[in-house]
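According to this note's numbering, the residues represented by the sequence shown are 3 to 167, in order.
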Amino acid sequence: MSHSQFDFTVDKSTHSVFINREFDAEQSLVWDAFTKQELLDQWWAPKPWMSRTKSMDFKVGGRRFYAMVSPEGQEHWAIQKYTSISPITHFKMFNAFADQDENPQLPGSDWDFHFSEQNGITKVSITIYNDSLERMEKMIEMGFKEGFTATLNALQELLSHIKTS
């Protein structure tokens with residue numbers, strides 16, 4: 003992880019969070035880690051929590067319905083609805099918490115992912131836009147920065163493991 007750059011910036015005026023993270027892996031592998039259920043479930047939750055996808059259809063108009071599961075078995079459900087996809091370089095999704103019957107708890111947030119590679123290092127730029135300052139502040143108060151930082155570190159571990167196996 004010698005050169006994994008990480009930036010986490012909050013802009014209250016636009017209700018947005020900007021995250022930039024570099025991964026020591028090829029762009030196609032990093033893209034797969036964000037878009038394939040079998041890889042996502044290995045890292046998309048801060049440890050000791052786990053991600054468990056109930057259904058996923060990665061296409062425009064498709065969605066992922068999943069739970070973050072605590073070590074005690076407590077489930078926190080969420081829906082990600084894919085609104086735009088440009089293979090290997092960019093996708094957008096709407097993200098909202100939900101109940102176990104897929105009823106979203108609105109408002110949610112819009113996530114915009116950009117992927118680029120230089121010299122075997124892939125940069126992922128994520129913008130998270132919230133409908134309101136209140137929602138964004140609630141997300142931050144819930145420990146989003148710490149949790150998502152740990153989640154992205156788990157992704158780096160997974161990518162390192164895949165590269166060496």
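All C-beta atoms, glycine included, are put in the ideal place defined by N, C-alpha and C. Computed from a predicted structure; not experimentally measured.
- Around the beta carbon of Asn105, fewer than 16 other beta carbons lie within 10 angstroms, which makes this residue exposed.
- Inclusion of Asp114 and Ile90 in the CB contact set at 9 angstroms is not warranted, their separation being larger than that value.
- Taking the Cα positions, Gln76 is about 8 angstroms away from Met70.
- Between Phe60 and Tyr84, the C-beta gap is smaller than 9 angstroms, which places the two residues in contact.
- Leu135 has its alpha-carbon roughly 27 angstroms from the corresponding atom of Gln102.
- Annotated as distal: Ser167 and Ala27, with beta-carbon spacing of 9 angstroms or more.
- Between Leu154 and Arg65, the gap from beta carbon to beta carbon reaches 9 angstroms or more.
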